[in-house]
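Asks: Heads up: the protein sequence lines correspond to chains A and B, in order.
Under my numbering, the first residue of the first sequence is numbered 1, with each subsequent residue one higher.
Under my numbering, the first residue of the second sequence is numbered 275, with each subsequent residue one higher.
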Amino acid sequence: MSGEIVVEAHPLDGLLRADRLPHIWCPGCGLGSTMACLANAMVDSPVPINQHVVVSGIGCSGRVAGYLKVDSFHTTHGRAIPFATGMKLANPDLHVTVFSGDGDLFAIGGNHFIHAARRNIDLNVICVNNFNYGMTGGQAGPTTPTGARSTTTPQGNAEPAFNLPHLAASLGAVFVARWTSLHVRQLEVAMRRAMEKEGFTFIEVLSPCPVGFGKSNDIGEGLDEMWMYRKNCEIDPGVDLSRAGIDMKHESTIALGNFVDIERPVFRPAGGER
Amino acid sequence: MAVATAERVLTGQHFMNGDTACAEGALAAGCSFFAGYPITPSTEIAERLARRLPEIGGCYVQMEDELGSMAAVLGASWAGAKAMSATSGPGFTLMMENIGLGVMTETPCVVVDVQRGGPSTGLPTLVSQADVMQAKWGSHGDFEPIAYSPSSPQEMFDLTIKAFNAAERFRTPVFVLADEVVGHMTERVTIPAPGEIETVDRKRPSKPPNDGWLPYAAGRDLVPAMPRAGDGYNIHVTGLTHDERGYPTNDAQVHDKLVRRLSRKVLARSSEICEFEKLYTDDADIVVIAYGATARAARQAVLAARERGIRAGMFRMITLWPFPRGVVKELTNTVKRFVVAEMNLGQVAREVERYTRRPVSWVTHAGGAMFAPEPVLRSIMETAS
Chain A
1 MSGEIVVEAH
11 PLDGLLRADR
21 LPHIWCPGCG
31 LGSTMACLAN
41 AMVDSPVPIN
51 QHVVVSGIGC
61 SGRVAGYLKV
71 DSFHTTHGRA
81 IPFATGMKLA
91 NPDLHVTVFS
101 GDGDLFAIGG
111 NHFIHAARRN
121 IDLNVICVNN
131 FNYGMTGGQA
141 GPTTPTGARS
151 TTTPQGNAEP
161 AFNLPHLAAS
171 LGAVFVARWT
181 SLHVRQLEVA
191 MRRAMEKEGF
201 TFIEVLSPCP
211 VGFGKSNDIG
221 EGLDEMWMYR
231 KNCEIDPGVD
241 LSRAGIDMKH
251 ESTIALGNFV
261 DIERPVFRPA
271 GGER
Chain B
275 MAVATAERVL
285 TGQHFMNGDT
295 ACAEGALAAG
305 CSFFAGYPIT
315 PSTEIAERLA
325 RRLPEIGGCY
335 VQMEDELGSM
345 AAVLGASWAG
355 AKAMSATSGP
365 GFTLMMENIG
375 LGVMTETPCV
385 VVDVQRGGPS
395 TGLPTLVSQA
405 DVMQAKWGSH
415 GDFEPIAYSP
425 SSPQEMFDLT
435 IKAFNAAERF
445 RTPVFVLADE
455 VVGHMTERVT
465 IPAPGEIETV
475 DRKRPSKPPN
485 DGWLPYAAGR
495 DLVPAMPRAG
505 DGYNIHVTGL
515 THDERGYPTN
525 DAQVHDKLVR
535 RLSRKVLARS
545 SEICEFEKLY
555 TDDADIVVIA
565 YGATARAARQ
575 AVLAARERGI
585 RAGMFRMITL
595 WPFPRGVVKE
605 LTNTVKRFVV
615 AEMNLGQVAR
625 EVERYTRRPV
635 SWVTHAGGAM
645 FAPEPVLRSI
655 METAS
């Protein structure tokens with residue numbers, strides 16, 4: 001046992017439901033580090049921790065709500081945003097973060113995303129994009145790149161994929177960013193900025209899913225995908241978002257950055273100041 | 275919150291349509307949040323609340339569909355609001371998903387379904403009562419719903435209040451299963467003074483937050499106390515099967531215990547929840563069972579039968595769920611036949627047959643027009659002879 005490092009405490013212990021650990025995520029998954037970024041951002045935000053609420057949908061990313069020791073809601077598939085909308089409108093003092101996955105937020109929940117962004121509901125939406133449905137075993141979804149292999153696209157995906165920052169920006173989101181689970185410092189800064197903003201914010205977080213996506217698409221293990229992010233990502237906040245789609249090919253660049261940071265009137269229900 | 279610029283309770287006599295009375299009943303019950311999507315024949319409820327809720331400091335939001343409406347209602351309820359939606363069959367279908375989440379997470383709220391002809395788009399502007407079994411079985415899994423069936427605009431007001439009270443008491447979504455005729459009918463509605471209206475608020479945790487508190491541990495009433503988001507209890511709320519901590523589990527024993535408690539908390543109190551009206555049932559040979567708009571025709575038929583010397587009576591169901599099985603069994607001891615009149619193809623009639631050995635005559639119509647008394651009277655006379 002010599003050389004074993006015993007860690008008695010972690011700075012985020014107070015924000016985690018330690019009695020629920022270990023978590024369900026696979027080795028190499030980026031969800032753990034992304035959740036840690038959110039926890040750090042919540043601790044650092046000026047909002048008291050009791051006023052923070054996390055709402056998730058269904059899927060691997062949807063389990064984040066269950067590990068964070070704040071009021072947390074694990075809702076139905078695709079409905080995290082409307083659930084959060086009702087909660088925020090009924091109590092505007094709450095600081096509501098929606099944390100979910102690409103399939104949940106953009107396939108089954110896509111309609112809610114576009115309308116909440118259009119209304120400019122004061123919510124922070126964080127989407128962990130791993131390019132597939134991980135929890136159900138690696139099926140293709142709306143962010144699966146064209147040609148990519150999955151358990152439901154064995155010959156290669158015939159569909160084009162969503163370009164999420166371009167979509168969010170076109171809807172008027174007041175803050176739009178893309179980072180990866182490798183870029184934890186920048187991601188945490190972006191989350192803090194999103195929490196400062198009033199209105200609908202969106203952060204896409206690219207994350208390896210070695211079991212569901214990496215291995216079947218010539219990327220490999222989680223660490224290999226992290227190397228790919230390191231090699232291929234270019235921080236370019238001024239990029240033309242219409243050209244910032246992702247194909248996850250070894251020679252292609254991935255644009256990262258805080259792309260949009262604007263002001264727009266926030267949704268207020270009729271009846272004046274709330 | 276916004277400053278109230280109008281009265282929440284419009285005490286006095288009104289000439290009001292049923293949908294409007296429903297909206298006023300919601301306000302009198304303490305509703306402060308409505309999320310919905312326009313759909314005939316319930317739209318007047320949304321329109322009334324779009325005007326009235328901001329006046330009293332509440333919130334109206336029109337969502338992109340009924341999936342989102344129901345989700346928003348649950349989110350608002352967890353923020354502490356008494357929350358509701360109103361819809362009709364096609365929207366009720368979409369709401370089933372998050373009605374199930376409301377059952378599983380024990381979230382008080384009210385859903386008004388002003389029934390129209392189905393299946394599918396059916397008869398958008400015309401009456402039916404064909405969503406009775408959808409209210410019972412529409413969302414997957416086992417649960418025992420509570421559903422009220424108003425027969426008049428006055429009951430649209432009164433029963434919407436009772437629906438909120440039941441939702442708060444039992445921590446579950448509660449339905450007002452209205453129909454197009456009652457929703458669009460205009461009659462006198464009496465709204466009492468606020469002090470004369472009984473309202474119920476959900477039970478809140480009696481102790482401040484601490485690490486040992488179990489959010490889904492229930493006492494003898496089987497209903498756990500409910501904190502609000504932001505109260506500091508760090509609750510986890512999930513549609514997954516959960517233990518008393520609120521944590522997800524795959525344990526079959528925990529699942530069975532949870533689902534049984536969700537059902538028992540309603541069924542154990544069904545005699546307190548069930549409401550009905552009996553007319554001439556004491557000496558009746560033939561009892562007509564009816565509800566909602568159809569009960570108005572059934573009443574005329576029973577009165578006409580009495581004029582003809584036939585010992586007919588009426589059992590009007592004011593709550594449809596939990597089903598009043600005890601009353602049907604009791605009537606079986608004295609009644610020779612039942613007539614069930616309803617605007618569907620026998621949804622309550624089949625349920626009555628489960629609890630009686632007596633013959634049950636079905637007077638059914640799929641909907642589209644208000645029931646006339648005559649077919650009910652003919653059935654009474656056939657069974658009397």
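Every residue gets a Cβ at the ideal spot worked out from N, C-alpha and C, and that includes glycine.
Which residues of the segment 77 to 105 of chain A have a Cβ closer than 7 Å to any Cβ of chain B? Give them in chain order.
Replies: R79, P82, F83, A84, T85, G86, M87, L89, A90, N91, D93, L94
Asks: Express the C-alpha separation of L182 (chain A) and M275 (chain B) in angstroms, rounding to a whole number.
Replies: With a pLDDT of 47 at M275 (chain B), under the threshold of 50, the modelled position of that residue is not reliable, and the figure given next carries that caveat. In a straight line, the C-alpha of M275 (chain B) is about 42 Å away from that of L182 (chain A).
Asks: Tell me whether F417 (chain B) sits in a helix, a strand or coil according to DSSP, three-state version.
Replies: coil
Asks: Specify whether the segment 592 to 601 of chain B and the segment 541 to 555 of chain B touch according to this definition: at least 3 beta carbon pairs, one from each stretch, less than 8 Å apart.
Replies: yes
Asks: For chain A, find out if any of its Cβ atoms is closer than 8 Å to the Cβ of F307 (chain B); answer yes or no.
Replies: yes
Asks: Mind reading off the beta-carbon distance from V609 (chain B) to A575 (chain B)? Whole number of angstroms is fine, and I expect it under 8 Å.
Replies: The Cβ separation is near 16 Å, so there is no contact.
Asks: Within a Cβ cutoff of 6 Å, which residues of the same chain sit near M35 (chain A), ignoring the five residues on either side of it in sequence?
Replies: V64
Asks: Return the CA-CA distance between V634 (chain B) and G331 (chain B), expressed in angstroms with no decimal places.
Replies: 50 Å
Asks: Give me the subset of the segment 371 to 386 of chain B whose CB atoms are less than 7 Å from a CB atom of chain A, sorted by chain position.
Replies: Residues passing the 7 Å Cβ filter: E371, N372, L375.
Asks: Using a Cβ-Cβ cutoff of less than 8 Å, which residues in the same chain neighbour G642 (chain B) once the five nearest sequence positions on both sides are dropped?
Replies: G391, L397, L400, V401, S402, listed in sequence order.
Asks: Using only CA atoms, which one of A:V96, A:C37, A:N91, A:S33 lies nearest to V55 (chain A)?
Replies: Check the Cα spacing between V55 (chain A) and each of A:V96, A:C37, A:N91, A:S33: the tightest is with A:V96.
Asks: Take R274 (chain A) and list the residues in its own chain whose beta-carbon comes closer than 7 Å to its own, dropping the five residues that flank it on each side.
Replies: Interpretation of R274 (chain A) is limited by its pLDDT of 42, a score under 50 that renders its predicted location unreliable; the figure taken from the coordinates is listed afterwards. In chain order, P92, R268 place their CB closer than 7 Å to the CB of R274 (chain A), counting only its own chain and leaving out the 5 sequence neighbours on each side.
Asks: For the segment 40 to 69 of chain A, which residues have a CB atom closer than 8 Å to at least one CB atom of chain B, in sequence order?
Replies: N50, Q51, V53, V55, A65, G66, K69
Asks: Can you look up K552 (chain B) in the DSSP assignment and give me helix, strand or coil?
Replies: strand
Asks: Is M644 (chain B) close to chain A, meaning its C-beta is less than 8 Å from at least one C-beta of that chain?
Replies: no
Asks: In whole angstroms, what separates the C-alpha of H516 (chain B) from that of C127 (chain A)?
Replies: 25 Å
Asks: How about T361 (chain B) and V335 (chain B): do their beta carbons lie closer than 8 Å?
Replies: Cβ atoms of T361 (chain B) and V335 (chain B): not closer than 8 Å.
Asks: In the DSSP output, which residue or residues are listed as bridge partners for M591 (chain B)?
Replies: Looking at the DSSP assignment, M591 (chain B) forms a beta bridge with B:F550.
Asks: Against chain B, with Cβ distances strictly below 8 Å, would T75 (chain A) count as a contact?
Replies: With a threshold of 8 Å between beta carbons, T75 (chain A) makes contact with chain B.
Asks: Would the segment 210 to 224 of chain A count as touching the segment 169 to 178 of chain A if we require 3 or more Cβ pairs under 8 Å?
Replies: no
Asks: What's the gap between the Cα of N291 (chain B) and the Cα of D453 (chain B)?
Replies: So the alpha carbons of these two residues sit roughly 12 Å apart.
Asks: From M617 (chain B) to A579 (chain B), what does the alpha carbon distance come to, in whole angstroms?
Replies: 21 Å
Asks: What residues from chain A crowd round H414 (chain B), counting only those whose CB sits closer than 8 Å?
Replies: Residues of chain A passing the Cβ test: none, with the nearest at roughly 12 Å.
Asks: Express the C-alpha separation of Q621 (chain B) and R628 (chain B) in angstroms, rounding to a whole number.
Replies: 12 Å
Asks: DSSP has Y334 (chain B) in a bridge; who is on the other side?
Replies: B:F308
Asks: Assign E188 (chain A) to one of two classes, buried (16 or more other C-beta atoms within 10 Å of its C-beta) or exposed (fewer than that).
Replies: buried
Asks: Can you tell me whether A298 (chain A) is buried or exposed? The criterion is at least 16 other CB atoms within 10 Å of its CB, across all chains shown.
Replies: Any question about residue 298 (chain A) goes unanswered here, given that chain A covers just 1 to 274.
Asks: Since M358 (chain B) sits in a beta bridge, which residues does DSSP pair it with?
Replies: B:F308, B:V384
Asks: In this structure, how does DSSP classify A244 (chain A) when only helix, strand and coil are distinguished?
Replies: coil
Asks: Is there a Cβ of chain A sitting closer than 8 Å to that of V347 (chain B), yes or no?
Replies: Closer than 8 Å: yes.
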